[in-house]
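>
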Amino acid sequence: MKIHIKNGRLIDPANNIDTRADLFVAAGKVAAVGNAPGGFSAKRVIDAAGLVVCPGLIDLSARLREPGFEYKATLESEMLAAVSGGVTSLACPPDTEPPLDEPGLVEMLKHRAKTLNLAHVYPIGALTVGLAGQQLTEMAELRDAGCVGFSHADVPLPDNQVLWRALQYAATFGFCVWLRPQDGYLAKDGVAHDGEVATRLGLPGIPVFAETIAVATIIQLMRATGTRVHLCRLSTREAVAMVRAAKRDGLPLSCDVGIHHAHLSEMDLGYFDSHCHLLPPLRSARDRDALREGLKDGTIDALCSDHAPVDEDSKLLPFGESEVGATGLELLLPLTLKWALEMKVPLAQALARITREPARILGLDAGHLSEGYTADVCVFDAEHYGKVSAAALKSQGKNTPFLGIELPGKVRYTMVQGRIVYDAGTG
Amino acid sequence: MRNPQLNDEGELRHLLTIEGLPREILTHILDTATSFVGVTAREVKKVPLLRGKSVFNLFFEPSTRTRTTFEIAAKRLSADVINLNIAVSSHTKGETLLDTVDNLSAMHADMFVVRHAQSGAPHLIASHVASHLHVINAGDGRHAHPTQGLLDLYTIRHYKKDFTRLSVAIVGDVLHSRVARSLIHALTLMGTPDLRVIGPMTLIPAGVDKLGVTVFHDLERGLRDVDVVVMLRLQSERMRGALLPSAQEFFKYYGLTQEKLALAKPDAIVMHPGPMNRGVEIDSAVADGSHAVILPQVTFGIAVRMAVMSILAGN
């Protein structure tokens, strides 16, 4: 279908565009930016006056809970949540049940996602069989099945020899390894940042050095193996400084931060609010401020939703027994905008953190609106403020610390491969 | 964020933690307890303040002693007492905590006395129950044990009168201790100027100084000239991990002996929340000596729990 999006503010960070310009879409591709191609006659015209038109958002971590945890969420509910949040591509971690450690599982997931025909799904394969931390998976086979990287999700990998071998093997094929840096032993039994709040609330702590020691280990192994590594969900000021130094040394390192950690701190635990039971834990205000700065100066490449839908019963438990995670796909854009406003970051630079940069980390030629490329588009109202409500969330997970909080940004249309998959006017 | 323990009038609705309570409420509890100390010494040890009310002792973690003191307190207030020992592990599937609470609420409970191994469990229950129900935290994880904190406060007031001139040392496993946390909040609230915690680094939690205490790792230095010594119970399982090498070494460096107690003020009192490990954190000569006020603590504990229950029921 030929679509003409007119009068919008077109922001395409990858092409350095931030201007009032029309977008023309035909046959699933961007047909033109600015002036209509010869003989273009639109089937549908969208008036985007007062709205921002940008590449569809790319999320580096969204748990879809399939296979294995369908009571928490299904592909249907979460893909709908994705597109209603303007997300057109997402990477999903391998900690499903069973984990994504076999090509068949990955193919099935890709197939299910394709059938739904909403956002693009990019599975991250398991680094070891069953995420058990012992035997390497068939990474090349998994790549052929559709995996774009390999990770150990949030499961500890205590044996550094296995990690070393896994990095070597991945480097053999040029694969990127995604690691959430946390020393499993140091973090054992911990449920909150090891600091003043955890001490007050009597919650077992996870010290800062559980993260920094893991980052140091990974950096040394990168030097030894030359492997490309993406660090997931940094949470400490010290780790940001270590990444900054490693990047200065030219190591092929990238990293992201979750939307919750860019806004919240240990103080938000309040009286044991289990919505703030997250991994890594919400840390001190000082750490949060360093993450926000790192995101601004580019040390941190991308923001991600770290979407983890959890059923209500699993949150209605004492803090330490409650399940970790928060729903995030529909808050990625609002919380990115909020960060940008508070940090005085230009909109185009902020959007790069959720379009161009995650595309680069995933190794995708996406996240931009160049002529002739796939038309994955998000049209949103940056001036609109709305309260987060459980009823309005499309995700099956209603678990978020931001319930009742007013946030900027409302997605009006989401387009995947030139097809309108979400229209706020029709739901 | 509203204090979940107080009702719209600012009165005590639940007792979950001492942290964040106004000083007036603490003083009111202590004063009310004074009037009950007489009751417990009488021949007929009952007052009718809770007649017709049902108090449910909801113990998700076994504790005969604490449960018994709550039971006695409730019975002396003429309440009906139902004891439930619900041994659960976090991995046991089955009825959830809140389902259990809903079921018991349907049996017309008026008050829940809750002990749970997880910090914050009483807060969760308090946020969930109907508005006429009261929740008393009888110990949650490492977080709080407010009635113990209050009875410690009562004991200190009884012997030392003025909180604002005291040096108090809390000795031992502060990391895992809800007793220590509650007492720290209670004493800082009452204006105690010199509050010390003493223990090896492995048993002192991160950032504890932010609670208003001075940290000592040397028992002898920490005990110098204190008015009150509070010994904490050391659980035997702490010796199995990497926190401590042995009970013997712990006793040698952190156990309270007559010799070490001599460093404190001559009229210092020694407290312990019980049950004691003689020869681990405290020497028998001290436990049975003239400075110890450990048994009066137990007696005061019943009066303090009666005070808390009667105040909650009246609000």
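Here the protein sequences come in this chain order: A and B.
Heads up, the first sequence is in numbering that gives the first Met the number 0, so the first residue is 0 and it goes up one at a time.
Heads up, the second sequence is in numbering that gives the first Met the number 0, so the first residue is 0 and it goes up one at a time.
Cβ atoms here follow ideal geometry from the backbone N, Cα and C, with glycine treated the same way.
Predicted model only: the values in this text are computed from it and were never measured.
1) Give the secondary structure of R232 (chain B) by DSSP, where H, G and I count as helix, E and B as strand, and everything else as coil.
2) Just checking, does the segment 301 to 313 of chain A make contact with the segment 62 to 72 of chain A on the three C-beta pairs under 8 Å criterion?
3) For G278 (chain B), would you say it is in contact with chain A, using Cβ-to-Cβ distances shorter than 7 Å as the test?
4) Run down chain A in chain order and give the residues with a C-beta less than 7 Å from the C-beta of G148 (chain B).
5) Flag this pair as touching only if the segment 132 to 141 of chain B and the segment 107 to 121 of chain B have three or more C-beta atom pairs under 8 Å; answer yes or no.
6) Please check if any C-beta of chain A sits within less than 7 Å of the C-beta of L123 (chain B).
7) Spell out whether any CB of chain A is found under 7 Å from the CB atom of A72 (chain B).
8) Between S126 (chain B) and G201 (chain A), which are expected to be in contact by the criterion C-beta below 8 Å, what is the C-beta distance as a whole number of angstroms?
9) Out of A:P407, A:G424, A:G403 and A:Y121, which one is the CA nearest neighbour of T413 (chain A)?
10) Consider the Cβ of E435 (chain A): report whether some Cβ of chain B lies at a distance smaller than 7 Å.
11) Would the segment 90 to 107 of chain A and the segment 121 to 139 of chain A be scored as touching if the rule is three or more Cβ pairs under 8 Å?
12) Between the segment 145 to 161 of chain B and the segment 17 to 35 of chain B, are three or more C-beta pairs nearer than 8 Å?
13) Any C-beta of chain B sitting closer than 7 Å to the C-beta of P317 (chain A)?
14) Output, in sequence order along the chain, the residues in the segment 286 to 312 of chain B whose CB is closer than 7 Å to any CB in chain A.
15) Can you name the start and end residues of the alpha helix (DSSP H) that P295 (chain B) belongs to?
16) Does the distance from the CB of P317 (chain A) to the CB of A73 (chain B) come in under 7 Å?
17) With burial defined as no fewer than 16 other Cβ atoms inside 10 Å of the residue's Cβ, what is the status of A261 (chain A): buried or exposed?
18) What residue from A:Y372, A:L406 and A:G145 has the CA that sits closest to D380 (chain A)'s CA?
19) Between L315 (chain A) and I57 (chain A), which are expected to be in contact by the criterion C-beta below 8 Å, what is the C-beta distance as a whole number of angstroms?
20) Which value, in whole angstroms, describes the spacing of the CA atoms of A86 (chain B) and R180 (chain B)?
21) Specify whether the segment 249 to 262 of chain B and the segment 295 to 311 of chain B touch according to this definition: at least 3 beta carbon pairs, one from each stretch, less than 8 Å apart.
22) If the cut-off is 9 Å on Cβ atoms, which residues from the segment 228 to 241 of chain B count as contacting chain A, listed in chain order?
23) Does chain B have any CB closer than 7 Å to the CB of D193 (chain A)?
24) Consider the Cβ of F271 (chain A): report whether some Cβ of chain B lies at a distance smaller than 7 Å.
25) Could you check what DSSP says for K397 (chain A) in three-state terms: helix, strand or coil?
26) Please classify V387 (chain A): does DSSP put it in a helix, a strand, or coil?
27) Starting from the beta carbon of A205 (chain B), find every residue of chain A whose beta carbon is closer than 8 Å, and list them in chain order.
28) Examine chain A for any beta-carbon lying closer than 7 Å to the beta-carbon of R141 (chain B), and answer yes or no.
29) Contact check, V378 (chain A) vs R411 (chain A) under 8 Å by CB: the rounded distance?
30) Can you tell me the Cβ-Cβ gap for L290 (chain A) and V323 (chain A), rounded? I've got them flagged as a contact below 8 Å.
31) Taking the alpha carbon of D255 (chain A) as the point to measure from, which residue in A:S234, A:Q134, A:S273 and A:F271 has its own alpha carbon closest?
32) Compare the C-beta of G183 (chain A) against all C-beta atoms of chain B and say whether one is closer than 7 Å.
33) Looking at the C-beta of Q247 (chain B), does it have a partner C-beta in chain A at a distance below 7 Å?
34) Could you tell me the alpha carbon to alpha carbon distance between I212 (chain A) and G145 (chain A), rounded to whole angstroms?
35) What in chain D is Cβ-close to L96 (chain B), meaning under 9 Å?
36) If I'm right that T16 (chain B) touches A143 (chain B) with Cβ under 8 Å, what's the distance once you round it to whole angstroms?
Inspection of the coordinates gives the following:
1) Position 233 of the second sequence, counted from the start, is the residue given in the question as residue 232 (chain B). It is coil, neither helix nor strand.
2) yes
3) Stepping through the second sequence from its first residue, residue 278 (chain B) is reached at position 279. No, no contact with chain A.
4) Here residue 148 (chain B) corresponds to residue number 149 of the second sequence, with the count starting at 1. Those within 7 Å of G148 (chain B) in chain A number zero; the least Cβ separation is about 13 Å.
5) yes
6) Translated into the one-based positions of the second sequence, residue 123 (chain B) becomes position 124. It does: the Cβ of L123 (chain B) has a partner Cβ on chain A nearer than 7 Å.
7) Position 73 of the second sequence, counting from 1, holds the residue named residue 72 (chain B). So no, A72 (chain B) is outside the interface.
8) Residue numbering aside, residue 126 (chain B) sits at position 127 when the second sequence is read from its first letter. Residue numbering aside, residue 201 (chain A) sits at position 202 when the first sequence is read from its first letter. So it is not a contact: roughly 17 Å between Cβ atoms.
9) Counted from its first residue, the first sequence places residue 413 (chain A) at position 414. Residue A:G424 is the option with its Cα nearest to T413 (chain A).
10) Coverage of chain A is limited to positions 0 through 426, which leaves residue 435 (chain A) absent and any answer about it impossible.
11) yes
12) yes
13) Here the question's residue 317 (chain A) lines up with position 318 in the first sequence. Closer than 7 Å to some Cβ of chain B, the Cβ of P317 (chain A) qualifies, so yes.
14) none
15) Counting from 1 along the second sequence, the entry for residue 295 (chain B) is found at position 296. Run containing P295 (chain B): I293 to G313, per the alpha helix (DSSP H) assignment.
16) Position 318 of the first sequence, counted from the first residue, corresponds to residue 317 (chain A). Position 74 of the second sequence, counted from the first residue, corresponds to residue 73 (chain B). The answer is no: Cβ separation not under 7 Å.
17) Here residue 261 (chain A) is taken as the residue at index 262 of the first sequence, counted from 1. Burial call: buried.
18) Locating residue 380 (chain A) in the first sequence gives position 381, where the first residue counts as 1. Nearest of A:Y372, A:L406 and A:G145 to D380 (chain A), Cα basis: A:L406.
19) Locating residue 315 (chain A) in the first sequence gives position 316, where the first residue counts as 1. Locating residue 57 (chain A) in the first sequence gives position 58, where the first residue counts as 1. Actually they are not in contact, since the Cβ atoms of L315 (chain A) and I57 (chain A) sit about 33 Å apart, beyond 8 Å.
20) Walking along the second sequence from the start, residue 86 (chain B) turns up at place 87. Walking along the second sequence from the start, residue 180 (chain B) turns up at place 181. Using only the alpha carbons, I get a separation of about 25 Å.
21) no
22) none
23) Position 194 of the first sequence holds residue 193 (chain A). Chain B contact via Cβ: present.
24) Against the first sequence, residue 271 (chain A) aligns to sequence position 272. Taking Cβ atoms only, chain B reaches closer than 7 Å to F271 (chain A), which makes this a yes.
25) As a working note, residue 397 (chain A) is residue 398 in the first sequence. Residue state, collapsed to three classes: coil.
26) In the first sequence, counting from the first residue as 1, residue 387 (chain A) sits at position 388. Coil at V387 (chain A), not helix or strand.
27) Numbered from 1 along the second sequence, position 206 holds the residue referred to as residue 205 (chain B). Neighbours of A205 (chain B) on chain A, chain order: D193, G194, E195, A197, T198, G204 and P206.
28) As a working mapping, residue 141 (chain B) is identified with position 142 in the second sequence. Output row for R141 (chain B): interface = yes.
29) Within the first sequence, numbered from 1, the residue matching residue 378 (chain A) stands at position 379. Within the first sequence, numbered from 1, the residue matching residue 411 (chain A) stands at position 412. Correct: roughly 5 Å between the Cβ atoms.
30) Within the first sequence, numbered from 1, the residue matching residue 290 (chain A) stands at position 291. Within the first sequence, numbered from 1, the residue matching residue 323 (chain A) stands at position 324. At roughly 18 Å, the Cβ-Cβ gap does not stay under 8 Å, so L290 (chain A) and V323 (chain A) are not in contact.
31) Residue mapping note: residue 255 (chain A) aligns to position 256 of the first sequence, counting from 1. The candidate whose alpha carbon is nearest that of D255 (chain A) is A:S234.
32) Mapped onto the first sequence, residue 183 (chain A) falls at position 184. No, G183 (chain A) does not count as interfacial toward chain B.
33) For the purposes of this step, residue 247 (chain B) is identified with residue 248 of the second sequence, where counting begins at 1. So no, Q247 (chain B) is outside the interface.
34) In the first sequence, the residue the question calls residue 212 (chain A) occupies position 213. In the first sequence, the residue the question calls residue 145 (chain A) occupies position 146. Cα to Cα, the separation comes out at about 32 Å.
35) Of the chains in the structure shown, none is chain D; the protein chains are A and B.
36) Your numbering for residue 16 (chain B) matches position 17 in the second sequence. Your numbering for residue 143 (chain B) matches position 144 in the second sequence. Indeed, because the Cβ distance is near 4 Å, the residues count as touching under 8 Å.
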